[in-house]
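In what follows, a structure is listed as structure tokens, so that the remarks can point back to it.
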Amino acid sequence: MLRSLVVASNRLPFVISLDEEGNPIRTNSAGGLVTALAPLVIETEGFWVGWAGNEFTKDMQLPSSNDPTAIAHKIKASQIIPIFYTQDIYKCFYNGMCNASLWPLIHSLPTIAVFKSEHWNAYLEVNEKFATSAFEAVKKFKDLNDKNNLVWVHDYHLMVMPMMLKNLIDEANITCKIAFFLHTPFPSWDIFRLNPWANEMLLGLLGCDLIAFHTNTYAQNFIECCYHILGSRIDKTEMLVEYGNKTIIIRALPLGIPYDWFEQKAKVSPKPFNFKETVILGVDRLDYTKGIIHRARGYERFLEKYPECREKVVISNYFKSELNIINF
Numbered sequence: 193m194l195r196s197l198v199v200a201s202n203r204l205p206f207v208i209s210l211d212e213e214g215n216p217i218r219t220n221s222a223g224g225l226v227t228a229l230a231p232l233v234i235e236t237e238g239f240w241v242g243w244a245g246n247e248f249t250k251d252m253q254l255p256s257s258n259d260p261t262a263i264a265h266k267i268k269a270s271q272i273i274p275i276f277y278t279q280d281i282y283k284c285f286y287n288g289m290c291n292a293s294l295w296p297l298i299h300s301l302p303t304i305a306v307f308k309s310e311h312w313n314a315y316l317e318v319n320e321k322f323a324t325s326a327f328e329a330v331k332k333f334k335d336l337n338d339k340n341n342l343v344w345v346h347d348y349h350l351m352v353m354p355m356m357l358k359n360l361i362d363e364a365n366i367t368c369k370i371a372f373f374l375h376t377p378f379p380s381w382d383i384f385r386l387n388p389w390a391n392e393m394l395l396g397l398l399g400c401d402l403i404a405f406h407t408n409t410y411a412q413n414f415i416e417c418c419y420h421i422l423g424s425r426i427d428k429t430e431m432l433v434e435y436g437n438k439t440i441i442i443r444a445l446p447l448g449i450p451y452d453w454f455e456q457k458a459k460v461s462p463k464p465f466n467f468k469e470t471v472i473l474g475v476d477r478l479d480y481t482k483g484i485i486h487r488a489r490g491y492e493r494f495l496e497k498y499p500e501c502r503e504k505v506v507i508s509n510y511f512k513s514e515l516n517i518i519n520f
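Just so it is clear: in the sequence shown, position 124 is 316 by the numbering used here, and no numbers are missing.
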């Protein structure tokens, strides 16, 4: 059972914006990560480390939630550890390394990926900030020798953070496990090796005790990367990677949902519109990995094959564009 927990993710479970009077307010974040992890942070009275948005500055006080329906409503301001960095660092880290380099690479689209040293340097700087902040949270644990203490790092934004954090924890002689979950695919080793900093990123992840992926294929791809790129000893059957005198557990642990919360929301949600047509609804970021063109072509083929469904089955798509990322 978890005694103390720190969650680290690129963004907090909410964005902090300013109201008309310039006061900080919470704006709810959507997505699977928040939906899955917020109840766990609440239950364990843990901490959440992440970026709060461009408008929130160090001189501001963290606001409490004023929306009781938000899944992160019960996360107190005292449980939040915000990360701050400049606009230039943000552009190089998020728009650059995360989305221009890693995003296409981990989706096996290396010809789109752009690698620049300034982006990598910003990535290292941000990951170090996260590691330092997570370490400060760990020091607040009630029992620093409890073997159930855990820092849970999330997603491709923070792939070198685990080893940075492990070094801080080891130097302080604190007992704390580190886990990592990747919310995206992980490519085969012959694609990942095209990353100029593949070695550093793999070594960063091997600071963990457990590394988890959505599927067994992604997990095996990571194990193969450690073997072919780092020369690590591996066990593909037991899904283990050795680094130094440590054995790291690799697993496929697909993300679930808080069923009770969704069940309750379904009971109080408004009744759907009474459409005459059957509506196929899509809500996506305008992103080359989302299969938007394929969806449109599939709908076209569907109508060609079943002409009786014309004007009876319609498709509606809502797209959000990341304006700061050229490829999106």
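The beta-carbon is built from N, C-alpha and C at its ideal position, and this holds for glycine as well.
Thinking C-beta only, is residue j closer than 7 Å to residue i?
i, j, result
"Pro255", "Arg218", "yes"
"Leu360", "Leu394", "no"
"Ile403", "Ile415", "no"
"Leu357", "Ala329", "no"
"Val352", "Gly396", "yes"
"Ala314", "Val198", "no"
"Pro231", "Phe307", "no"
"Val318", "Phe285", "yes"
"Ser380", "Asn413", "yes"
"Ile272", "Trp295", "no"
"Phe454", "Asp476", "no"
If you measure from the beta carbon of residue i to each beta carbon in chain C, is any gap under 7 Å?
i, result
"Phe239", "Absent from the structure is chain C; it holds one protein chain and no more."
Can you give the Cα-Cα distance for residue i and residue j, rounded to whole angstroms?
i, j, result
"Ala364", "Glu320", "17 Å"
"Lys482", "Asp338", "42 Å"
"Lys268", "Pro216", "15 Å"
"Asn263", "Val233", "With the sequence shown as reference, residue 263 is identified as Ile, and Asn is not the correct amino acid for it. The straight-line gap from Cα to Cα measures roughly 11 Å."
"Trp243", "Pro499", "49 Å"
"Cys418", "Val433", "7 Å"
"Leu445", "Gly214", "42 Å"
"Thr303", "Leu386", "10 Å"
"Leu301", "Leu336", "43 Å"
So residue i and residue j are supposed to be a Cβ contact under 8 Å. How far apart are they, rounded?
i, j, result
"Ile442", "Asp401", "Not really, about 11 Å apart at Cβ, beyond 8 Å."
"Ser196", "Phe333", "4 Å"
"Leu153", "Phe384", "The question about residue 153 has no answer here: the residues shown for the chain are numbered 193 through 520."
Given a threshold of 16 other Cβ atoms within 10 Å of its Cβ, counted over all protein chains shown, does residue i qualify as buried or as exposed?
i, result
"Tyr451", "exposed"
"Gly490", "exposed"
"Ser293", "buried"
"Val460", "exposed"
"Ile485", "exposed"
"Tyr410", "buried"
"Cys501", "exposed"
"Thr227", "buried"
"Val471", "exposed"
"Leu473", "exposed"
At least 3 beta-carbon pairs within less than 8 Å: the region 198-207 vs the region 233-250: The region 198-207 is in contact with the region 233-250.
Stretch-stretch touch, CB-based, cutoff 8 Å, three pairs: the region 370-382 with the region 343-352: Contact between the region 370-382 and the region 343-352 is present: three or more C-beta pairs spanning the two stretches fall below 8 Å.
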